[in-house]
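When we follow our numbering, the leftmost residue of the sequence shown carries the number 378, and every step to the right adds one.
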Amino acid sequence: MDTSLHYLTMANQMLIQKRLLERVKASGLTLGQPKVLDYLKDHDGASQKEIAAGCLIEAGSLTSILNRMEEKNLIERRMLNGNRRTFHIFMTESGKKSQKLVEEVFREIETTAWKDISPEEAEAFMAVYHKIYKNLSEAGCEHTGKEGSNK
């Protein structure tokens, strides 16, 4: 197994995604939808632009994800204050149930990931991982001229 940062990051992301999709398969959720539901948990009523930025998803990809979610009655698009240019995305009751499942699965995955890791090790890892995210976000700004997002 390769021990480079990029390899381990991609491998861990693939494992998380695989476990997540295995656990939510019966609910009918597909790639990209759990991330949107997770975002809407704290940002119900967000605009499509806000969701794309918050989930790090390209606008075009998000449109198809939201279309499928709307077809499955997980979300609904609404205009607010008569503004016909911007739709806001709200979870339906069905979407809220699916979001609870996603939240439970993410919690299980994280519990497994942190197994045999002390709280001090976890805290140190997260501090470094946040720095890596910040460094890569800022490096992206240098190449694109855009401001990075610092979570």
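For each residue, glycine too, the CB sits at the ideal point set by N, CA and C.
- Per DSSP, the beta bridge partners of His465 are Ser424 and Arg455.
- DSSP places Leu382 in the helix class (H, G or I) of the three-state scheme.
- If you draw a straight line from the Cα of Ala501 to the Cα of Met387, it is about 20 Å long.
- Ser424 has its alpha-carbon roughly 12 Å from the corresponding atom of Asn460.
- When the alpha-carbon of Glu487 is set against those of Ile393, His383 and Gly472, the nearest one is in Ile393.
- Across the set Thr463, Ser495, Gly409 and Gln390, the C-alpha of Gly409 shows the shortest separation from the C-alpha of Gly431.
- Taking the C-beta atoms as reference points, Leu451 is found nearer than 9 Å to Leu414.
- The closest CA to that of Lys473, considering only Leu382, Thr380, Glu399 and Ser404, is found on Ser404.
- The C-beta separation of Arg454 from Thr407 comes to about 19 Å, leaving the pair out of contact by the 8 Å criterion.
- Using a Cβ distance threshold of 9 Å, Ile494 and Leu382 do not count as a contacting pair.
- The C-beta distance from Gln476 to Leu417 rounds to 7 Å, short enough to meet the 8 Å contact threshold.
- In this structure, the alpha-carbon of Asp379 lies about 7 Å from that of Leu385.
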